[in-house]
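Protein sequences, first through last, are from chains F and A. Just so it is clear: in the first sequence, position 477 is 477 by UniProt numbering, and no numbers are missing. Just so it is clear: in the second sequence, position 278 is 278 by UniProt numbering, and no numbers are missing. What follows is a short report on a single structure.
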Amino acid sequence: MRSLAAPKRWPLSVKVPLAVAALMILVGAVLSERVLAGLAETQKVHLMDLAQSYLDGLSSALAPSILRDDTWAMFDAIERAESLNKGVRSIETVVTDTEGAVIAASDPRRHRLGSIPANVSQAPFTFIPGGNEAEATRQISYPGRTIAIIHARFDTRQLAAQRRDVLRSLIITNGTLTILLAGAGWLLVYRMMRPVRILTHHLGSAERQIPASIPARVIAQQGGEFAQSFRAYNAMATWLAERESLRLRLAEEERLASLGRLASTLAHEINNPLAGLFNVLATLRSHGEEPLQRQRSIDLLDRGLRGIRDVVQAALTLHRSDAVRALAPCDIEDLGLLVGPEAARRNVLLRIDATLPAAIDLPSGPIRQALLNLVLNAVAASPPGSQVVLSARCDTASFTASVSDEGHGIAEREAAILTGRSSTSILELGSGVGLWATRHLIDDLGGSIGVRRADPHGTIVDVSIPLHAPVPQHASKEMFDVA
Amino acid sequence: MQPKSGAQALTRRSLLLAALAGTITARPSKGEDFLDQDEIRFGLTPVFLNSDLELLDRFQVYLRKVTGLPILLVTRRTYQEITALLISRQLDAAWICGYPFVEAQAQLQLVAVPIWRGRPLYRSYIIVGADHAPAADIADLRGDIHAFSDPDSNSGWLVTNALLAERELRAETFFSRTFFTYGHRDVIRAVASGLADSGSVDGYVYEVISELEPDLTGRTRVLRRSEWLGFPPVAAPLLPVSPRRLEVLKAALLGMPSDSDGAIILKTLRLDGFGREDASLFEPIARKASLVAKLDQHA
C-alpha cells in the first residue's frame, strides 16, 4: 500500500491519464480565464456604450432644465430617459450641482432635493465583471462650464448571470473533455504498455524461478522495438537457464568432490577400529567362555561399533539431510567427528569451541555444509602441528561462527570469492567453487562472511547469520546439498 | 424656480399683450389675411387632460363636423402662452383657467363653462404623499417641497397662495422649496414619486385621474379641498376675431351632449356639458388674486 502513496511509484497507466487530466485542467483554466476576460471586456464595452448613450441623451435633455432650474422637467427627463433606455437597466440616477447637492434624482425619496448624496461614485465608469452593479458619472457642461454632474448606477445582474452561465458551460465542457481525454489516455497507455506488462510478468516470474521464454506467438503480435526487446529477453532467459544448469552441475561436482575428500579419512576412521574389533572377536572366540573376558570383549565391541555408528550417522546427516531441521549443538560437534580423522591424518589439532542453545531457529543443513567447507579448507591450509579452531556462539540476534587456522593466509582472490566482493563468473572460478558455494549458502540465509588475518599468521573466517532474517525466495535446496 | 407674484406677472404680461394686440389692430391688412383663413383656432391649456392625443383628435373631429370649419387645436406648455395668444387675438377661443380669466377679464369674454357633476364648479386640492408625516392642515406642511401646477393656475397655484396669504404667509418662505410641473397630472406624479412632499392640484383632474390611474393617486392623499370655485372656462377675446366663427364654436360646445360624438368626448372628460355662465362665477377667484396681490404689495 505504501507504493500507492508515493506518486513516483504509480503505474504509467495511472500517471499518464492523471497528467493528461492535470494538463487539461490547466489548459481549461487558462482558456476559461481568457474567455471570461474576453466576455468581461465585451460586457464592459457593451455596457459603456449603453451608459454613454443613456448619459448623452440625458445630458442634452437635462441641460436646459438645469439652466432654468426646472425641477420637474429634470425629474421628467430622467424618467423618460430611463423608460427610453430600458436596455441599460438603470437602478438610480442622481444629478448634483457643482456643490454636490441633489438637484434631481430618479428616486427623490432616497435622494431628497438639496441633500448631499452618500456613496456616489466620481469615477467616469466603474464595472466589476460578475458584480451586480456598475456606475457611471458624467459632467454636464454648458457651454464649457460644468453646471451639474450625473451619477448613474446600473443593474448588471443579468451580465453577472450571463458570466455565470458561460463559466458553468466552460466547467462542464472542460470537465467532460478532461474526463474523456484522461480516459482515452488511460486506454492508450494501457494498450501501449501491454508489451511492457508481458515483459514485466516474465521477469517477475524469473525472480522465483528460471525465466520462461516469451512464446513466439506473442512476439509475432508485437512489432518494432518491443518484438526486439522480447527476442533479447528470450536470449537472456535461455542464457540464464544454461547458466543455472551449469551452476547446479558444478555444485553437484563440488559436493561429490568434498565427499571424496572425506571418504578416505572416513574409511580410515572406520578401518582402524574395525581391526581392533576383529581382534576382540578373536579373543571372544577363544576365551568367550570366561565370563569376565566375555564381558570385557562385548564392552569393547559395543564401544567400537558405537564409534563407527556415530561416524556413519554424522556422514549420513551431512549428505542426506533432506528435511530442514533446526540447528543444534550436535551439528557443530558432528563437524569435529567428520573432520577429525582428516585433521589427525595431517597432524593438525582440531578444536571445537561451541556454546549453543539446544535449538537455533536456523536450518542446520546449509550451516553444517558451509562450516564443513571452511573447516576442511582450514585443515588443508594448516601446517602439521598447528591448530584449527571452530568456535560458534548464538545470542538473541544472530548466530556467529569463526574458523581460524595458522596457515600462510588465504589468497586475496579466494578471500574475495568468499566475502562476495568478487564478481568472478562461476565459469572462471576453477578451484574456488567450494568457496563460492559456501558464500552462496550463507548469502541465502541473509548472512555475511568476513575474512581477516590471524596473529602472527593464519586466517580467521567469520560467519554471521542473523536470526529471523527473511530467507531469500531463491534459497536453493541444492546449495546445501553441495558436498 | 420661484413662483412669481401673479399680479406682477400679469401686469407685465398684460402690457405686453395689449401692445401686441394693438399692433395687430393697427395693421388690419395683415391681420385680415390671417383671420380670413376661416379656420377655427382653439387653444387648450394643460388644465385639459392634454396627454390624451386620441381625445384631442376626437375633439377636433367633433368641432369640424359640427362647425363645418377646419379646426386648429393650439396647445402650449404653459397657461401664459395660451392666454397671451388669446388676448393677442391669435386664437378664436381657448379653454383657459379661471385665474387668467379674471386677470384679463377686461379683454376677454366668457364663451362657455364646463359642467362637472351638475355644476360649473370645481375645487382645488392640496395633496400630500401617502407617506407624508401626519398633517391635518396646511400649517403642517411648513418646510415641505411643494409642487405647483402653473403660476397662472387657479387650483394649481392661486388657491394655495391665497390660503397662505390669509395667514400672511408666502409660499416662497413657508415651503422649503417650490417648483412648477406645468400640468396637474404631473403635480400628482411629483407628489407620488416623492419629488415633492405636497402639491396643489386641480380637484377635477385629481378625481378623473384617481378613476383612471388609481395606482398613481393611491400614493397620494388629499389633505385639503378648497371651496367650490368657477370651473376653468372657455373664453374668447372681448372683440372676437371672427364673430361668426365664435358663434359656431360656442354652439358646438353647448350642443355637445346632444351629439353622439360630443357625448363620448364629454364622457371621456367626465363632464356633463358646457353651459352659459355669468362672469360673476369667477369673483371668488378674483378675490383670491387680489388677496395675494395685496400681500405682495406689502412685501
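For glycine and all other residues, C-beta sits at the position ideal for the given N, C-alpha and C. Please read all numbers here as calculations on a predicted model, not as lab measurements.
8 Å Cβ shell around residue i - same chain, five flanking residues per side excluded
{"i": "serine 32 (chain F)", "result": "Leu167, Leu170, Ile171, Asn174"}
{"i": "leucine 254 (chain A)", "result": "Ala112, Gly273, Phe274, Gly275, Arg276"}
{"i": "threonine 98 (chain F)", "result": "Thr146, Ile147, Ala148, Ile149"}
{"i": "asparagine 132 (chain F)", "result": "Asp155, Thr156, Arg157, Ala160"}
{"i": "glutamate 362 (chain F)", "result": "Just to set this straight, residue 362 (chain F) is leucine in the shown sequence, not glutamate. These residues qualify, in order along the chain: Ala326, Leu327, Phe399, Leu445, Ile465, Leu467."}
DSSP bridge partner residues for residue i (one or two, in chain order)
{"i": "leucine 108 (chain A)", "result": "A:Pro237"}
{"i": "alanine 216 (chain F)", "result": "DSSP output for alanine 216 (chain F) lists no bridge partner at all."}
{"i": "threonine 96 (chain F)", "result": "F:Val102, F:Ile149"}
{"i": "cysteine 394 (chain F)", "result": "F:Phe399"}
{"i": "aspartate 353 (chain F)", "result": "F:Ser391"}
{"i": "glutamine 90 (chain A)", "result": "Note: glutamine 90 (chain A) sits in no beta bridge, so no partner."}
{"i": "residue 300 (chain A)", "result": "Because chain A spans 1 through 299 in this model, residue 300 (chain A) falls outside it and cannot be assessed."}
{"i": "alanine 415 (chain F)", "result": "Per DSSP, none; premise fails for alanine 415 (chain F)."}
{"i": "glutamine 139 (chain F)", "result": "F:Ile149"}
{"i": "tryptophan 116 (chain A)", "result": "A:Arg119"}
{"i": "alanine 326 (chain F)", "result": "F:Pro363"}
{"i": "alanine 257 (chain F)", "result": "For alanine 257 (chain F), which the question treats as bridged, DSSP gives no partner whatsoever."}
{"i": "alanine 42 (chain A)", "result": "The sequence given here has phenylalanine at residue 42 (chain A), not alanine. Paired residues: A:Leu73, A:Ala93."}
{"i": "phenylalanine 274 (chain A)", "result": "A:Pro114"}
{"i": "glycine 230 (chain A)", "result": "A:Leu121"}
{"i": "glutamate 133 (chain F)", "result": "F:Asp155"}
Cut-off 6 Å between Cβ atoms - residues of its own chain near residue i, not counting five sequence neighbours on either side
{"i": "phenylalanine 34 (chain A)", "result": "Annotation note: pLDDT 46 at phenylalanine 34 (chain A) (below 50); position unreliable, coordinate value reported separately. Nothing listed; no residue qualifies."}
{"i": "proline 28 (chain A)", "result": "Because the pLDDT of proline 28 (chain A) is 34, which lies under 50, any placement of that residue in the model is unreliable, and the question is left without a value."}
{"i": "leucine 72 (chain A)", "result": "Glu39, Arg41"}
{"i": "isoleucine 219 (chain F)", "result": "Ala227, Phe230"}
{"i": "serine 210 (chain A)", "result": "Thr217"}
{"i": "leucine 17 (chain A)", "result": "With a pLDDT of 37 at leucine 17 (chain A), under the threshold of 50, the modelled position of this residue cannot be trusted; read the value that follows with caution. The residues are Ala84, Ile87, Ser88."}
{"i": "glycine 28 (chain F)", "result": "Asn174"}
{"i": "glycine 420 (chain F)", "result": "Arg439"}
{"i": "threonine 93 (chain F)", "result": "Ile78, Ser106, Ala152"}
Span of the beta strand (DSSP E), counted from its first residue to its last, around residue i
{"i": "threonine 156 (chain F)", "result": "From DSSP, threonine 156 (chain F) is part of no beta strand (DSSP E); its letter is neither H nor E."}
{"i": "isoleucine 460 (chain F)", "result": "459 to 466"}
{"i": "proline 126 (chain A)", "result": "Position check: residue 126 (chain A) holds isoleucine in this sequence, whereas proline was assumed. 124 to 129 is the span of the beta strand (DSSP E), which, as asked, contains isoleucine 126 (chain A)."}
N- and C-terminal bounds of the alpha helix (DSSP H) containing residue i
{"i": "glutamine 369 (chain F)", "result": "364 to 381"}
{"i": "phenylalanine 75 (chain F)", "result": "71 to 84"}
{"i": "threonine 42 (chain F)", "result": "12 to 68"}
{"i": "histidine 184 (chain A)", "result": "184 to 193"}
{"i": "tyrosine 62 (chain A)", "result": "53 to 67"}
{"i": "valine 120 (chain F)", "result": "Valine 120 (chain F) -> no alpha helix (DSSP H), and no H or E assigned at all."}
{"i": "arginine 453 (chain F)", "result": "Where arginine 453 (chain F) is concerned, there is no enclosing alpha helix (DSSP H), although the beta strand (DSSP E) it sits in stretches over 448 to 453."}
{"i": "leucine 266 (chain A)", "result": "260 to 268"}
{"i": "threonine 160 (chain A)", "result": "159 to 166"}
{"i": "valine 248 (chain A)", "result": "243 to 254"}
{"i": "threonine 78 (chain A)", "result": "Unbroken run through threonine 78 (chain A): none, as it is neither H nor E."}
8 Å contact criterion, which residue i and residue j should meet: CB distance rounded
{"i": "isoleucine 150 (chain F)", "j": "leucine 18 (chain F)", "result": "Going by Cβ atoms, the distance from isoleucine 150 (chain F) to leucine 18 (chain F) rounds to 56 Å, so no, they are not a contact pair."}
{"i": "glycine 385 (chain F)", "j": "histidine 457 (chain F)", "result": "Not a contact, Cβ separation roughly 14 Å."}
{"i": "arginine 221 (chain A)", "j": "isoleucine 145 (chain A)", "result": "Between isoleucine 145 (chain A) and arginine 221 (chain A) the Cβ distance is about 16 Å, and since that is not below 8 Å, they are no contact."}
{"i": "proline 110 (chain A)", "j": "leucine 238 (chain A)", "result": "Before going further, note that residue 110 (chain A) is leucine rather than proline in the sequence given. Leucine 110 (chain A) to leucine 238 (chain A), Cβ: 10 Å. No contact."}
{"i": "threonine 146 (chain F)", "j": "glutamine 122 (chain F)", "result": "That belief does not hold up - the Cβ atoms of threonine 146 (chain F) and glutamine 122 (chain F) are roughly 13 Å apart, past 8 Å."}
{"i": "isoleucine 308 (chain F)", "j": "isoleucine 270 (chain F)", "result": "5 Å"}
{"i": "alanine 51 (chain F)", "j": "alanine 152 (chain F)", "result": "7 Å"}
{"i": "tyrosine 125 (chain A)", "j": "valine 201 (chain A)", "result": "5 Å"}
{"i": "valine 388 (chain F)", "j": "leucine 335 (chain F)", "result": "Contact flag wrong, Cβ pair sits at about 11 Å."}
{"i": "alanine 237 (chain F)", "j": "alanine 267 (chain F)", "result": "Not a contact, Cβ separation roughly 45 Å."}
Cβ-based neighbour list, residue i, same chain, cut-off 7 Å, excluding 5 preceding and 5 following
{"i": "leucine 271 (chain A)", "result": "Pro114, Ile115, Trp116"}
{"i": "alanine 196 (chain A)", "result": "Ile145, His146, Ala147, Ala190"}
{"i": "valine 88 (chain F)", "result": "Leu50, Ala51, Tyr54, Phe154"}
{"i": "serine 13 (chain F)", "result": "Trp186, Val189, Tyr190, Met193"}
{"i": "leucine 56 (chain A)", "result": "Leu73"}
{"i": "arginine 249 (chain F)", "result": "none"}
Any chance the region 164 to 176 of chain A sits against the region 135 to 152 of chain A, with 3 or more Cβ pairs inside 8 Å?
-> In short, these stretches touch, since the Cβ pair count reaches three.
Spell out a yes or no on whether the region 183 to 193 of chain A and the region 229 to 238 of chain A are touching, meaning 3 or more CB-CB pairs, one atom from each, closer than 8 Å.
-> Too few Cβ pairs lie closer than 8 Å, so no.
Three-pair Cβ contact test at 8 Å for the region 76 to 84 of chain F versus the region 113 to 129 of chain F = The region 76 to 84 of chain F, when compared against the region 113 to 129 of chain F, does not touch it at the 8 Å Cβ threshold.
Does the region 328 to 343 of chain F come close enough to the region 363 to 377 of chain F to have 3 or more Cβ pairs within less than 8 Å?
-> Contact between the region 328 to 343 of chain F and the region 363 to 377 of chain F is present, because at least three Cβ pairs lie under 8 Å.
Check whether the region 143 to 163 of chain A touches the region 69 to 80 of chain A, taking contact to mean three or more Cβ pairs, one atom from each stretch, closer than 8 Å.
-> In the pairwise beta carbon analysis, the region 143 to 163 of chain A is classified as touching the region 69 to 80 of chain A: at least three pairs are separated by under 8 Å.
Report yes or no: do three or more beta-carbon pairs, one from the region 95 to 107 of chain A and one from the region 281 to 291 of chain A, lie closer than 8 Å?
-> They touch, by the three-pair rule.
Is the region 356 to 370 of chain F in contact with the region 433 to 441 of chain F, if contact means three or more CB pairs nearer than 8 Å?
-> Contact between the region 356 to 370 of chain F and the region 433 to 441 of chain F is present, with at least three C-beta pairs closer than 8 Å.
Can at least three beta-carbon pairs, one atom from the region 180 to 195 of chain F and one from the region 33 to 48 of chain F, be found at a separation below 8 Å?
-> Between the region 180 to 195 of chain F and the region 33 to 48 of chain F, the count of Cβ pairs shorter than 8 Å is below three; the stretches do not touch.
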